[in-house]
Each structure stands twice: as structure tokens, then as C-alpha cells.
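Notes follow the structure.
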Ligand code: NAD
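In our numbering, the protein residues as written are 49 to 338.
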């Protein structure tokens with residue numbers, strides 16, 4: 049387990065990584081460009097830990113010490129005592145490259161570096177840092193405290209020693225590791241996103257309604273969430289970004305993002321995080337938006 053972990057990006061995934069790692073005993077330095085995102089992240093961590101305590105997953109007495117281990121801020125100087133930094137900001141290669149460049153100016157020379165990217169080449173991101181040998185892809189699932197899987201992705205230059213430290217970290221959080229080679233979307237999103245995209249094409253072509261598509265997949269194939277519900281949960285901007293990487297990097301038309309997905313993202317209907325996507329989340333029971 050790492051002693052002090054920098055997490056850059058405090059959105060759905062970053063706050064979950066901070067949550068799980070703080071409960072496992074690590075000190076956290078949580079950074080975001082948006083001070084509101086940081087306040088929101090701490091509120092969500094507190095609330096989710098409360099739910100975990102009420103379900104008996106953790107003890108009530110663990111909450112305050114874990115929260116006390118989390119420091120937040122917008123200043124990268126917070127990274128100066130980290131032994132590992134994981135980037136978990138918006139799925140955009142330019143943003144991620146800038147963040148990694150800024151992070152290495154502040155973190156110790158021997159600290160390890162990571163990204164929670166869903167799809168972007170680990171080798172390419174690592175090559176733009178000063179430590180490709182100490183860089184590893186560490187892809188968590190949403191919501192991080194509850195989901196049992198971490199995909200670990202080695203870049204071309206990642207050393208065995210680095211890789212094993214990330215394996216020990218993931219296992220220390222109680223997660224099971226699946227190892228993926230460094231190809232676009234890795235394992236989970238290489239399989240999941242084409243299915244979500246096809247569900248959106250199914251809606252676009254009028255084959256079924258939102259309710260029919262999700263009901264068909266839940267009851268017909270035993271998926272706990274329908275593909276459109278799941279897309280809303282992931283974030284439609286993130287789904288589009290992942291599909292664009294698959295489409296661009298694998299150069300195969302089968303990954304072409306559905307124009308309807310593009311339209312939702314252009315409208316700012318990004319799913320649960322903005323209150324509206326394929327469903328409207330204003331009321332307790334989400335209703336299809338079309
Ligand atoms: P999100 O939109 O909830 O959060 C992104 C956060 O990044 C925001 O708080 C934003 O303010 C911050 N940010 C943007 N630019 C920044 C910058 N320059 N410096 C610091 N912070 C910045 O997105 P998310 O769902 O948390 O996704 C984050 C990463 O995790 C992405 O790479 C995504 O592909 C990956 N991921 C997402 C899921 C999922 O289900 N949503 C699952 C696994 C991995």
C-alpha cells in the first residue's frame with residue numbers, strides 16, 4: 049500500500065479512489081481545477097461512507113479518521129510528499145498530458161505515476177513524462193468503493209517492480225486485478241462501449257424505446273443495469289470520449305460513435321452527473337427523456 053497518494057481530478061472516479069484509498073489507510077492529496085468539485089467530493093465521500101457504515105460494510109468509527117487523511121486543494125504543491133500520484137481527470141488526452149506534466153514538477157523524483165484513463169494509450173501518456181518505467185495504468189470501476197475490479201495496464205516501459213507495487217495497492221484495497229495489454233479501451237471498455245454504442249444506435253434507428261432497450265437487456269440477458277442507464281451512470285461525455293479513442297486509434301468504422309450520443313453531449317445532457325441524459329433524474333424514479 050502506498051503511504052501518501054495524490055489523486056488529480058475529484059469527479060465521480062477521483063473522489064471514489066480517494067474514498068477507497070483513505071479507508072485503506074493512505075493519506076490523500078486530492079486536487080481539482082474546480083474548488084466546487086473538491087467540496088462536492090468531500091461531501092459525497094462523507095455521505096457514501098455513512099451509507100457503508102449503516103450497511104455494516106465499514107465501522108462508524110472509521111469515518112472521521114479516514115476523512116482526516118484527505119487533504120484537498122487546487123495547488124499541485126500538495127503532491128510534494130506523495131509516493132504515488134494517480135490522474136483521474138476528464139477523459140481528454142491533452143488535459144491528461146498537461147496534468148501529468150504539472151504533477152512531475154511537484155512530486156518526488158522516485159514517486160510512481162498512474163492514470164485512471166478508460167481508453168487512452170498508457171505507453172503514449174507515460175512517454176510524455178520523465179518516468180515511463182515508473183508509470184502504470186490503474187483503471188478503477190464506478191463506483192470505486194463498491195466495485196471489486198481494477199484493470200492494470202502496463203505501458204511498454206513499465207518495470208515489473210512498478211507493476212507489482214500497483215498490484216499490491218489494488219489488492220490492498222480489496223480489489224481483484226485483471227491484467228490488460230495496452231490497447232485502446234483495454235478489456236472492459238473494448239467490450240462494453242461497443243455494446244453501449246449499439247444500444248444508442250438501436251434507439252436512434254427506432255428499433256426500441258429507452259425503456260424497451262434497457263428492459264430487454266436487463267431481463268433478457270441478466271444485466272443489472274440496462275446499457276442506456278449504464279451510459280448515463282458512466283457519463284455520456286466519457287462514453288463519447290472512449291468511443292472516439294477506440295474509433296481513432298483502432299481505425300475501424302465499427303467503433304463510430306452514434307450521432308445521437310454526440311447530440312446528447314452537445315446538449316450538455318451528460319447523464320446522472322448533470323441530472324439528465326437518456327433519463328431525467330429530477331424525480332426519485334428516473335424517466336426516459338424521449
Ligand atoms: P468527471 O467528469 O466526473 O470528473 C472529471 C473531473 O476532472 C472534474 O471534477 C473536473 O473538474 C476535473 N478536471 C478537469 N480538468 C482538470 C484539470 N486540468 N486538472 C484537474 N482536474 C481537472 O469524470 P469521471 O467519471 O470521474 O472520469 C475521470 C476519469 O476516470 C476519466 O479518465 C474516465 O475515463 C475515467 N473513468 C471513468 C469511469 C466512469 O464510469 N465514469 C470509470 C472508469 C474510469
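Think of the CB as a built atom: it goes at the ideal place given N, C-alpha and C, for glycine as much as any other residue. Fair warning: this is a prediction, and the values are worked out from it, not measured in the lab.
- Excluding residues up to 5 positions away in sequence, 274 lie with their Cβ nearer than 6 Å to the Cβ of residue 266 in the same chain.
- In this structure, residue 261 keeps its C-beta atom at 7 Å or more from the C-beta atom of residue 279.
- Looking only at 286, 258, 293, 289, the smallest Cα-Cα distance to residue 276 is reached by 258.
- Apart from sequence neighbours up to five positions away, no residue of its chain approaches residue 165 with a beta-carbon distance below 6 Å.
- In the DSSP assignment, residue 268 falls within the unbroken alpha helix (DSSP H) covering 258 to 269.
- Under the three-pair Cβ rule at 8 Å, the region 128 to 135 counts as touching the region 162 to 181.
- Collapsing the DSSP output to three states places residue 336 in a strand.
- Straight through space, the alpha carbons of residue 73 and residue 207 are spaced by roughly 26 Å.
- Annotation for residue 97: the continuous alpha helix (DSSP H) segment containing it runs 83 to 102.
- At a Cβ-Cβ threshold of 7 Å, residue 192 and residue 319 do not count as neighbours.
- Listed as beta-bridge partners of residue 119 by DSSP are 77.
- Of the heavy atoms belonging to the ligand NAD, none sits nearer than 6 Å to the Cβ of residue 75.
- For residue 202, no alpha helix (DSSP H) encloses it; the enclosing beta strand (DSSP E) starts and ends at 197 to 202.
- Cβ contact annotation for residue 54 (same chain, cutoff 6 Å, sequence separation greater than five): 77, 127, 130, 133, in chain order.
- Note that the C-beta distance between residue 306 and residue 252 is below 7 Å.
- Not a single unbroken stretch of the beta strand (DSSP E) spanning 3 or more residues falls wholly within the region 283 to 322.
- DSSP places residue 244 in the uninterrupted alpha helix (DSSP H) bounded by 236 to 252.
- For residue 225, the CB stays at least 6 Å from every heavy atom of the ligand NAD.
- Taking the Cα positions, residue 222 is about 22 Å away from residue 282.
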